[in-house]
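Peer 1:
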Amino acid sequence: MNITIWNENYGETHDEEIRATHPEGIHGTLAGFLREIPGSKVRTAVLQDPEAGLPDDILNSTDVLLWWGHIVHHLVPDELVEKIHDRVLRGMGMVVLHSAHHSKIFRRLMGTTCDLRWREGCYARLFNLNPAHPIASGVPENFELGAEECYGEFFDIPAPDDLIFGSWYDSGEIFRSGCAWRRGYGKIFYFQPGHETNRAYYHPVVRRILQNACLWAAPQVFRSVEGSPQLIPTLEEIRAGKE
Ligand code: ZN
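Residue numbers 14 to 256, in the numbering used here, belong to the letters of the sequence shown in order.
1. Determine the contact status of W81 and L110, defining contact as a CB-CB distance below 7 Å.
2. Beta carbon of E21: closer than 6 Å to some heavy atom of the ligand ZN?
3. Helix, strand or coil: which one does DSSP assign to A253?
4. Using the beta-carbon count (16 or more within 10 Å), is P90 buried or exposed?
5. Do F167 and L139 have their CB atoms nearer than 7 Å?
6. Alpha carbon to alpha carbon, how far is T17 from L93? Give it in angstroms, no decimals.
7. Taking Q224 as the reference, which of V152, E209, I170 and D183 has the closest Cα?
8. Under a three-way DSSP split, which group does H27 fall into?
9. Would you check whether the ligand ZN has a heavy atom nearer than 6 Å to the C-beta of E162?
10. Quick one: what does DSSP say F11 is sitting in, helix, strand or coil?
11. Ignore the nearest five residues each way along the sequence and tell me which others in P147's own chain have a CB closer than 8 Å to its CB.
12. Does the stretch 63-73 touch the stretch 179-193, meaning 3 or more C-beta pairs lie closer than 8 Å?
13. Tell me whether N225 sits in a helix, a strand or coil according to DSSP, three-state version.
14. Within 10 Å of its beta-carbon, does G104 have 16 or more other beta-carbons around it, so buried, or fewer, so exposed?
15. Kindly list the residues whose CB is nearer than 8 Å to the CB of G52, restricted to its own chain and excluding five residues on each side of it in sequence; keep chain order.
16. Shorter than 6 Å, the distance from the beta carbon of S112 to the closest heavy atom of the ligand ZN, or not?
17. Taking the alpha-carbon of A33 as reference, which of V219, Q233 and E209 has the nearest alpha-carbon?
18. Compute the Euclidean distance between the alpha carbons of G134 and I201, then round it to the nearest angstrom.
19. Less than 6 Å separating the Cβ of H208 from some heavy atom of the ligand ZN?
20. What are the boundary residues of the beta strand (DSSP E) that includes D175?
21. Check for me: the alpha helix (DSSP H) holding I97 runs from which residue to which?
22. Apply the 10 Å Cβ neighbour rule to Y215 and answer buried if 16 or more other Cβ atoms are within range, or exposed otherwise.
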């Protein structure tokens, strides 16, 4: 399974506190524990790399793409967003993290504003709302996340195909913090924790959830009626109605 972690990499290069929390960037923190997935090959890509980090050869060899962005969503080229969208429809998995709820690609995949209510400096507890779901494997009934930025309802997303986690904040808000959808042949998971100055990605249960999410989102192997297995059909094949 080829995992590519994409990060806008802005805060890490402009803010001491974020650099202190993620010395190798948020992508580096994520890569550290996603590499523990047996059989995974993990690459990282940042906005500042050539072609915004995702030239065709990298995108087209990615099984699961993780996306972290916050304040420079507008710098991601529209053509790249369309390429990622097409690849998700063809079977690539996508894990959308925290403030990437407002990324171009997530809004494109959802078709809604993905707006939400927001508040700083809260304490969060997550609840496992779907214990039978593969992404919830090994996750307790609920767990304390600790300090985390608060995202609140109403979260303007289409009804998830699977609602897996819910968050409660000491400020009184609740939030659908772990949601999954299918789009075409692809699978998408949105997960709320991961504010840049908090330590969610060091939490053992969060790490387990994101490892589970990569395994769940990886493309299925399709077998055409002619019998040749293929990992990802071409867009032309999907449009022609082939499986
Ligand atoms: Zn944040």
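For each residue, glycine too, the CB sits at the ideal point set by N, CA and C.
Quick caveat, the model's predicted, so the values are computed rather than measured.
Peer 2: From the atom records:
1. Translated into positions along the sequence shown, residue 81 becomes position 68. Translated into positions along the sequence shown, residue 110 becomes position 97. For W81 and L110, yes; Cβs fall inside 7 Å.
2. Reading the sequence shown from its first residue, position 8 is the one you call residue 21. Not so, every heavy atom of the ligand ZN lies at least 6 Å from the Cβ.
3. Along the sequence shown, read from residue 1 onward, the residue named residue 253 stands at position 240. A253: coil per DSSP, three-state reduction.
4. Your numbering for residue 90 matches position 77 in the sequence shown. Label assigned to P90: exposed.
5. Residue 167 sits at position 154 when you count from the first residue of the sequence shown. Residue 139 sits at position 126 when you count from the first residue of the sequence shown. Taking 7 Å as the Cβ cut-off, F167 and L139 do not qualify as a contacting pair.
6. Residue mapping note: residue 93 aligns to position 80 of the sequence shown, counting from 1. Residue mapping note: residue 17 aligns to position 4 of the sequence shown, counting from 1. Roughly 15 Å between the two C-alpha positions.
7. If you number the sequence shown from 1, residue 224 lands on position 211. Here the closest residue by C-alpha is V152.
8. Taking the first residue of the sequence shown as 1, we reach residue 27 at position 14. Helix, per DSSP.
9. Taking the sequence shown and counting its residues from 1, the one referred to as residue 162 is at position 149. Flag set: Cβ of E162 near the ligand ZN.
10. Absent from the structure is residue 11, since the part of the chain shown begins at 14 and ends at 256.
11. By 1-based counting over the sequence shown, the position of residue 147 is 134. Around P147, the same chain offers N225, L228 and W229 as residues with beta carbons nearer than 8 Å, after the five sequence neighbours per side are excluded.
12. no
13. Numbered from 1 along the sequence shown, position 212 holds the residue referred to as residue 225. Looking at N225 - three-state DSSP - the assignment turns out to be helix.
14. Here residue 104 is taken as the residue at index 91 of the sequence shown, counted from 1. So G104 counts as buried.
15. Start at 1 with the first residue of the sequence shown, and residue 52 comes out as number 39. Here the set comprises M14.
16. Walking along the sequence shown from the start, residue 112 turns up at place 99. In this structure, S112 has its CB closer than 6 Å to one or more heavy atoms of the ligand ZN.
17. Locating residue 33 in the sequence shown gives position 20, counting from the first residue. The residue from V219, Q233 and E209 with its alpha-carbon nearest to that of A33 is E209.
18. Locating residue 134 in the sequence shown gives position 121, where the first residue counts as 1. Locating residue 201 in the sequence shown gives position 188, where the first residue counts as 1. Rounded to the nearest angstrom, the two C-alpha atoms are 28 Å apart.
19. Here residue 208 corresponds to residue number 195 of the sequence shown, with the count starting at 1. Answer for H208: yes, Cβ within range of the ligand ZN.
20. Position 162 of the sequence shown, counted from the first residue, corresponds to residue 175. The continuous beta strand (DSSP E) containing D175 extends over residues D175 to Y182.
21. Start at 1 with the first residue of the sequence shown, and residue 97 comes out as number 84. Start and end: D91 to L102.
22. On the sequence shown, position 202 is the one that residue 215 refers to. With fewer than 16 other Cβ atoms within 10 Å, it is exposed.
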